[in-house]
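Visitor: Be aware that the sequence shown starts at 172, since it is given in the working numbering, and climbs by one per residue.
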Amino acid sequence: MDKKEEPMTYSDAVSKAASAIYRFPLIEVEGIPLRSWIANSWSLISAFQPDPSDLLIATYPKAGMTWTQEIVDLLLHDGDAEVCKRAPTDVRIPFLEIQSPPPIPSGLDLLKTMKPPRVIKTHLPIQLVPKGFWENKCKVIYVARNAKDNLVSYYHFDRMNQTQPEPGPWDQYIHKFMKGKLPWGSWYDHVKGYWREKENRNILYLFFEDIKENPHREILRIMRYLDLSLPDDIIDKIVQLTSFEVMKDNPMANYTFIPNTVFDSSISLFMRKGEVGDWINHFTPAQSKMFDEDYTRQMADVDIPFRTSI
Ligand code: A3P
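#1: DSSP beta-bridge partners for Thr479?
#2: Can you say whether Tyr270 is buried or exposed, counting buried as having 16 or more other CB atoms within 10 angstroms of its CB?
#3: Which of the three DSSP states, helix, strand or coil, is assigned to Arg330?
#4: Exposed or buried, His387, counting other C-beta atoms within 10 Å across all chains shown (16 or more means buried)?
#5: Could you tell me the boundaries of the beta strand (DSSP E) in which Ala229 lies?
#6: Using 8 Å as the cut-off, can you tell me whether the segment 246-257 makes contact with the segment 435-452, which would need three or more C-beta pairs spanning the two stretches below that distance?
#7: So, using beta-carbon positions, are Glu380 and Asn452 closer together than 9 Å?
#8: Rounded to the nearest angstrom, what separates Met172 and Met179 at their Cα positions?
#9: DSSP puts Arg468 in a beta bridge; with which residues?
#10: Hey, is Val323 close to the ligand A3P, as in C-beta under 8 Å from one of its heavy atoms?
#11: Closer than 8 Å to a non-hydrogen atom of the ligand A3P - does that hold for the CB of His453?
#12: Quick check on Asp342: buried or exposed, where buried means 16 or more other Cβ atoms within 10 Å of its Cβ?
#13: Could you spell out the range, first to last residue, of the beta strand (DSSP E) harbouring Ala234?
#14: According to DSSP, is Glu268 helix, strand or coil?
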């Protein structure tokens, strides 16, 4: 009897590709270090044509992307928790530039299978976002996180994620971050690039710290930006469903759908702490002073109201 083949899940595809997964080297695209798989497909990625109804969520890596994806998906589905468990985050909201060894579908592959309006994730700095997003006046949500917590989170992620370059020792990692040598480039240029264009290009610019401090208020801001109108009890439900504790236990949002051979949870969890101010447990006073002095220099030309505590 013919056995009907089940379609391969995203987790299965990543497991199948495991032997081809390693810490990919970085190749610069227009001066931005990107994973080799992304850099090698750059012409395809930059030619991507979104629909005007598509929504882009952009962040520097580890600034609150997954959290924002979950909030947006729930807002678009009236707070229906079950619908938002229809697939892992990466399948519900494709990662525009991601390219991986087969059979893992690329972000572009997944997007081809979806009808607009789609929600799309990117970590690209603003100058590398495909022009079509601006030509089509797509809505863009940007989330920024204070440099020190962002750096700590990225460090732990690079320890556990076997597709990212080796982080090396903590002290050296701080310098790589300051010099913009990590995948997706300089945090400083990233947050400034979107900040400077937020009015011109109608970008909703949010802060991780604000969402943590008052998720209800920030979820309402996102709701209004998306021209949605949901009753307050649904917003309260979304606040609860997107709390760190609930998302940590949601297998469709906590990245346990990525096998351990790729995201090694024995080293660090994807949903690690979700706090503001954890940097204090990592930086020595001397490192903090050195980082702050450099920060003042690198951020002298802009006034972005980051908070390292709430
Ligand atoms: P930590 O490593 O500081 O815990 P991204 O999704 O952009 O990769 O960011 C991941 C960071 O956001 C991690 O930070 C993760 O724990 C945190 N995060 C994810 N969901 C969260 C939530 N619901 N509330 C607070 N922080 C969250």
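Beta carbons: idealized from backbone N, C-alpha and C, even for Gly.
Guide: So, from the data block:
#1: On the sequence shown, residue 479 is found 308 positions in, with the first residue counted as 1. The partner list for Thr479 (beta bridge, DSSP) is empty, contrary to what the question assumes.
#2: Taking the first residue of the sequence shown as 1, we reach residue 270 at position 99. The sequence given here places Gln at residue 270; Tyr does not occur at that position. By the 10 Å Cβ count, Gln270 comes out buried.
#3: The residue labelled residue 330 in the question sits at position 159 within the sequence shown. The answer is helix: DSSP assigns Arg330 an H, G or I state.
#4: For the purposes of this step, residue 387 is taken as the residue at position 216 of the sequence shown. By the neighbour-count rule (16 or more Cβ atoms within 10 Å), His387 is not buried but exposed.
#5: Along the sequence shown, one-based indexing puts residue 229 at 58. Its beta strand (DSSP E) spans residues 226-230.
#6: no
#7: Reading the sequence shown from its first residue, position 209 is the one you call residue 380. Reading the sequence shown from its first residue, position 281 is the one you call residue 452. No. Outside cutoff.
#8: Along the sequence shown, read from residue 1 onward, the residue named residue 172 stands at position 1. Along the sequence shown, read from residue 1 onward, the residue named residue 179 stands at position 8. Low per-residue confidence applies at Met172: pLDDT is 47, beneath 50, and the placement is therefore not dependable enough to give any value.
#9: Here residue 468 refers to the residue found at position 297 of the sequence shown. DSSP, once it has assigned bridges, lists no residue as partnering Arg468.
#10: The count along the sequence shown starts at 1 and reaches residue 323 at position 152. Because some heavy atom of the ligand A3P lies under 8 Å away, the Cβ of Val323 counts as near it: yes.
#11: As a working note, residue 453 is residue 282 in the sequence shown. Not so, every heavy atom of the ligand A3P lies at least 8 Å from the Cβ.
#12: If you number the sequence shown from 1, residue 342 lands on position 171. Asp342 comes out exposed.
#13: Locating residue 234 in the sequence shown gives position 63, where the first residue counts as 1. Note, Ala234: premise wrong, no beta strand (DSSP E); not H, not E.
#14: For the purposes of this step, residue 268 is taken as residue 97 along the sequence shown, with counting starting at 1. In the structure shown, Glu268 sits in coil (DSSP, three-state: anything other than H, G, I, E or B).
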